[in-house]
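Student:
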Amino acid sequence: MKKLLLTGFEPFLDHAINPTMAIVNALKETEINGYKIIGEILSVDFSKTGQEIVDLIEMHQPDAVISLGLASGRAQLTPERIAINCNDGPVDNTGHKPDGETICHDGADGYFSTLPIKAIVAVCRENGLPAKISNTAGAYLCNNVMYHALHYFKTHQLDRPSGFIHLPASHELALEKAQPSWSQSDLERAVRIAISCLP
Ligand code: PCA
Numbered sequence: 023m024k025k026l027l028l029t030g031f032e033p034f035l036d037h038a039i040n041p042t043m044a045i046v047n048a049l050k051e052t053e054i055n056g057y058k059i060i061g062e063i064l065s066v067d068f069s070k071t072g073q074e075i076v077d078l079i080e081m082h083q084p085d086a087v088i089s090l091g092l093a094s095g096r097a098q099l100t101p102e103r104i105a106i107n108c109n110d111g112p113v114d115n116t117g118h119k120p121d122g123e124t125i126c127h128d129g130a131d132g133y134f135s136t137l138p139i140k141a142i143v144a145v146c147r148e149n150g151l152p153a154k155i156s157n158t159a160g161a162y163l164c165n166n167v168m169y170h171a172l173h174y175f176k177t178h179q180l181d182r183p184s185g186f187i188h189l190p191a192s193h194e195l196a197l198e199k200a201q202p203s204w205s206q207s208d209l210e211r212a213v214r215i216a217i218s219c220l221p
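Residue numbers for the sequence shown follow my numbering, beginning at 23 and rising by one.
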């Protein structure tokens, strides 16, 4: 059976939880669309998260990779179109604040997602879940992880669907800080739909 590496992130900044963790933990070891789900939680640490995703790809040899992240403030599910070769943004969980550094000196300026992002948006919407392609994943850890996975597949000449999907906050987070939010079950349903769109 084919294998999907599905990653989420630990909580970061002032978010008490990260809804991507519960989704990954709920879906790991299950089978969706002919894929066995390998679920892993990544750290929010510029000094090690990129290596974590590369190590997981080398260990599991997945046929596809979907990484999930929280995009607090967004109202829709947003598959990312592109990852850029740049680290920037607020402090990570170790207190390090990036300042526009290059992620990979021998890497491309950017890599496009190889996930079926148009289909993911279309099928989510058909199922009543608001979704839209995003043209920027930012330059924080979500972009960093997407960049590392795509760089790995490109440089190893492996044709595997790989990319990143940002999710809105869950209601639990919105109780603490007012922002657009979805139920945890809708967030999980949208991720199941995204997996069902994989070739
Ligand atoms: N979202 C952050 C990093 C971890 C997460 O869940 C981001 O959008 O970069």
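Even for Gly, the Cβ is constructed at its ideal location relative to N, Cα and C.
In this text the structure is predicted, and so the values were computed from the model without any measurement.
Going by Cα to Cα distance, which pick from V113, L26, G61 and G185 is closest to I106?
Tutor: Nearest of V113, L26, G61 and G185 to I106, Cα basis: G185.
Student: Helix, strand or coil for I63? Go by DSSP, reduced to three states.
Tutor: Correct three-state label for I63: strand.
Student: Please state if the CB of L163 and the CB of T71 are separated by a distance shorter than 7 Å.
Tutor: Yes, they are a contact pair.
Student: So who's on the other strand from G185, going by DSSP bridges?
Tutor: DSSP output for G185 lists I88 as bridge partner(s).
Student: Just how far apart, CA to CA, sit A200 and R96?
Tutor: About 12 Å.
Student: Only counting the same chain, and skipping five residues up and downstream in sequence, which positions put a Cβ closer than 7 Å to that of K119?
Tutor: Counting only Cβ-Cβ distances below 7 Å, and skipping sequence neighbours, we find P112 and V113.
Student: What's the gap between the Cα of I75 and the Cα of A141?
Tutor: The straight-line gap from Cα to Cα measures roughly 25 Å.
Student: By the 10 Å Cβ neighbour count, where 16 or more other Cβ atoms means buried, how is G150 classified, buried or exposed?
Tutor: With fewer than 16 Cβ atoms within 10 Å of its Cβ, G150 is classed as exposed.
Student: Whole angstroms are fine: how far does the CA of N55 sit from the CA of L220?
Tutor: For L220 and N55, the distance between alpha carbons rounds to 8 Å.
Student: Following a CB-centred definition, is V66 positioned closer than 6 Å to any heavy atom of ligand 1?
Tutor: Yes, since a heavy atom of ligand 1 falls inside the 6 Å radius drawn around the Cβ of V66.
Student: Taking the runs of the alpha helix (DSSP H) that are 4 residues or longer, which of them lie wholly in the region 132 to 165?
Tutor: You should have 139 to 148.
Student: Could you name the residues that DSSP lists as bridge partners for P101?
Tutor: P101 is bridged to I187.
Student: Which one or two residues does DSSP pair with L26 in a beta bridge?
Tutor: DSSP lists I59 and A86 as partners of L26.
Student: Check the C-beta distance from S65 over to E32 and give it rounded, since I have them as a contact under 8 Å.
Tutor: Between E32 and S65 the Cβ distance is about 6 Å, and since that is below 8 Å, they are a contact.
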